[in-house]
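**Student:** I'd like to ask you about the structure that follows.
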Amino acid sequence: GREGLELVYQHAPRIVLCDLMMPEMDGKEFLIKLRSNPKTRDLPVIMLTAVDSESNEIDLLDLGANDFVSKASSSAVMLSRLRKVLLQCH
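In case it helps, my numbering puts the sequence shown at residues 1 to 90.
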């Protein structure tokens, strides 16, 4: 989590795919920190989650995630969601 945040600050990616469950800092805290920084506030973020839970999805969207993908999803679904978010945000 913390390492990923530093990488985002260093490399300024066009989109972030972030796992919900990470060591040191979970995906929700990561998302909160991204959204609280003016330089990364509008960066598109897709959360990757192993837990298929409506409350988790609502929490992620409320925290500012642009979308979420289940780890069980196919690579085609993941690529489709990445494309969709990139088109919406750029």
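Note that the Cβ used here is the ideal one computed from N, Cα and C, for glycine as well.
Remember, it's a predicted structure, so these values are computed and weren't measured experimentally.
Looking at I15 and L86, is the spacing between their C-beta atoms short of 8 Å?
**Tutor:** Yes, they are a contact pair.
**Student:** Which of helix, strand or coil does DSSP assign to M78?
**Tutor:** Helix.
**Student:** Could you give the residue range of the beta strand (DSSP E) that holds L92?
**Tutor:** Past the edges of the chain, shown from 1 to 90, lies residue 92, and the structure says nothing about it.
**Student:** Looking at the secondary structure, which residues open and close the beta strand (DSSP E) in which V48 lies?
**Tutor:** The sequence as given places Leu at residue 48; Val does not occur at that position. Residues 45-49.
**Student:** Using the C-alpha atoms, what's the distance from P23 back to N66?
**Tutor:** C-alpha separation (whole angstroms): 22 Å.
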